[in-house]
Every structure is written in structure tokens, then in C-alpha cells.
């Protein structure tokens, strides 16, 4: 077995088409889905106690690999289930733990809590795995398990629809080929154990000139501007597969509307994803029209408007908001348009990312929420 991501928390950026092809080839060969009955799953626990680890590894026939030791230091849970004609114990990744609790019927605080507090003690690991195993024994129905990068990366119900990343990418690039006849190129991909997202730049001078004009009207002078489409997906039961429009200036990404969306639910396929995809060019112009409307909506007090919006939609901590508000006040004199307010939220998102909130799942979820602010009534908050 091999690993693309070297640790559970590893995040890798892919910057070239060659690297992307290598990643896809690795995922195709390394990912393995299995469909055992839940009743066939056995969970065991190995405490992070140095004096006992060697003995426990020997008992469960586990090698002392980085993946095994990492799991011992974190959740400490290993699973055994029929796969490839064998039933060896495999370490689980943190991404699989919520799903394991769900299929075993043990999704309660006693099992899921790993953080001791003064009046909230932690259930012993051996008791947890006994409860999980007992819960599994009661359920003689199939589930789906993903082995990825030397660990159990996902445990999901039988209703989960597997939508391989590479097939979703083929669907997206097929649509880009149809609409833009090769006038697009791979930009970057960000890969983690929670999510994977893939960005493609669209080489449309008319789009780019339009964005530059909009930014100049918002008192933003930038060096680089790009437009594109990004696809994000989670293979661990967290979320849906979706694609969205974006514009980016000097590294700050502005997420716009979704152009494709499908949940990983029974009956859905990559074709469902393809059929959900709207015309990308048309969608961009619709978003452009809405942004232009924001640019024509005067705001008498930008800082006050933004603060009122953040009271209704508490997306960022006060410290992050204040830093951006000071920058906007210096740039605009605190008088401008709804477009200035809209852009400010993405500056806050970028600042949050730069300040060490390097969790791809949280970042993508945050950007999804911020993108919805394109469509709110900004005048209602200008008071």
C-alpha cells in the first residue's frame, strides 16, 4: 500500500496537468470500495500507552507503520471486515469515525467525545469499541467502506452513491470543451482527506475585462485577474459534489453561483451531475448582472452595513472583520456601493485562511455561505 497524502492532516496542492494526471492515476489504483454487511465489522482499540503498544500490535498482527502509529495517537480504533479474501485489521482515519458511529447505531456523545472536561469525562476506548462492535452485530445490512492511503477513510450507508473524482472531472471538462472550445486550462487542485477541489481558468478576455472594470469601480487596483470554474467533492459522506463559478484577483477568490450540484445519494450517478450542469457562460453573465446591480446600489456607511450583515449572518469573528473594515474605510472613505460590502466578505475569508485556519472543509463551507450574500438586499442593512 502507498499514500498520496502523507498524514491525516496533510493538504497538497497540484499546480500542473502532469501532477493532476499522476494524482488521478494514483487514486484510480489506490482507492478501493467494499460492501460488507455491517454485522461483519469488528472494532478494536489500541491505547496510546508506549509500554503496551508492541504487545497490542503483535496481538492484532499490525505492522508498526506511520499510518498505524498515527491512528494510535489519535482515535486508536482499528477495523476488521471481509476484504480481498482476508480480514486483517486496518487503522481508521478521523474522516471515517462519524460514519462508523452512524452505521453501528452509536452516534451519541459518550462514543464520539474524545475531549475530557471538568464535568464531562471520556468513555474508555475499550468500552467504545465494544459498543461499536456490538452495534454492528445487530445490523445485518450492507454498508460501504473506502480504503484510501493505507486507512479506512470512509464508512457510509448502503444508500451512499459513489461518484469517482476522475469521472466528475471528465464531466466538467467535457462541458468546458463544449462551451469554450479549448479556451480554458487547469489552474490548480487542492487535495485533503475531507475534500478535493479542482479549478479551471477560463481564457475569455471579455469576461476578464468586465471583472477588471468592476474591481476598479470598487477602488481595487490589482495585478492579476482570472475567471473560472471550480469543482469540489467529498468521498467520505460529508457533502455533495458541486461546481461553482469564481473570479480571483491577486489571490483573493470570490465564489459565485453553483453551476452543478448532486448529492451522494442512492440512484445518483455522474450522469446526474452532468445533467445538473447549467450553461457556464450564461450563468457567469447572470452573476455579472447581479454584481453590476450591487455596484449600482449606493451604501451610505459601508462599515455599518457590513457590521449589520455580520450580525444577521455571523460568518467571521470581530477581529477578522475589524481588520478588513479598517482597510475598506481607508480605501473608500466608508462610502461606496453594495459591491464593496460583498467583496469585503471574501477579503475576510482570505484573511481567515491566511491566519492559519487551514482546514479545507471549513474553508469550503465558509465560502459557500459567503457566496450566498451576492443575492441579499444590502439596502436593508444600510442603517
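In the numbering used here, the protein residues as written are 5 to 387.
Just so you know, even glycine gets a beta-carbon here, dropped at the ideal spot from N, CA and C.
Legend entry - Distance CB(residue 49)-CB(residue 94) smaller than 8 angstroms: no
Inset, instruction - Would you kindly check if the distance between the Cβ of residue 199 and the Cβ of residue 368 is under 8 angstroms? - result: yes
Legend entry - For residue 99, three-class secondary structure by DSSP: helix
Legend entry - N- and C-terminal bounds of the alpha helix (DSSP H) containing residue 178: 169 to 184
Inset, instruction - Label residue 325 either buried or exposed according to how many other C-beta atoms from any shown protein chain fall within 10 Å of its C-beta, with 16 as the threshold for buried. - result: buried
Legend entry - Same chain only: Cβ atoms within 8 angstroms of residue 194, ignoring 5 sequence neighbours per side: 15, 16, 17, 18, 200, 201 and 364
Legend entry - Residue from 248, 293, 327 and 382 with nearest C-alpha to residue 303: 382
Inset, instruction - Determine the DSSP secondary structure at residue 258, reduced to helix, strand or coil. - result: strand
Inset, instruction - Pull up the DSSP beta-bridge partners for residue 302, would you. - result: 341
Inset, instruction - List in chain order: all unbroken alpha helix (DSSP H) runs of 4+ residues lying wholly within the segment 177 to 256. - result: 209 to 221
Inset, instruction - Tell whether a beta-carbon distance below 8 angstroms holds between residue 343 and residue 377. - result: no
Legend entry - Helix, strand or coil at residue 121 [DSSP, three-state]: strand
Inset, instruction - Output the distance between the C-alpha atoms of residue 254 and residue 227, rounded to the nearest integer angstrom. - result: 6 angstroms
Inset, instruction - Just the C-alpha distance for residue 217 and residue 211, rounded to the nearest angstrom, thanks. - result: 10 angstroms
Inset, instruction - Kindly list the residues whose CB is nearer than 7 angstroms to the CB of residue 287, restricted to its own chain and excluding five residues on each side of it in sequence; keep chain order. - result: 249, 261 and 263
Inset, instruction - Rounded to whole angstroms, what's the CA-CA distance from residue 35 to residue 150? Just pull it up for me. - result: 7 angstroms
Inset, instruction - Starting from residue 37, trace the beta strand (DSSP E) both ways and give me its first and last residue. - result: 36 to 38
Inset, instruction - Tell me whether residue 64 is buried or exposed, calling it buried when 16 or more other Cβ atoms sit within 10 Å of its Cβ. - result: exposed
Legend entry - Where residue 109 falls: helix, strand or coil (DSSP): coil
Legend entry - Straight-line gap, residue 107 to residue 224 (C-alpha atoms, nearest Å): 50 angstroms
Inset, instruction - Return helix, strand or coil for residue 18, following the three-state DSSP convention. - result: strand
Inset, instruction - Report buried or exposed for residue 53, applying the criterion of at least 16 other Cβ atoms within 10 angstroms of its Cβ. - result: exposed
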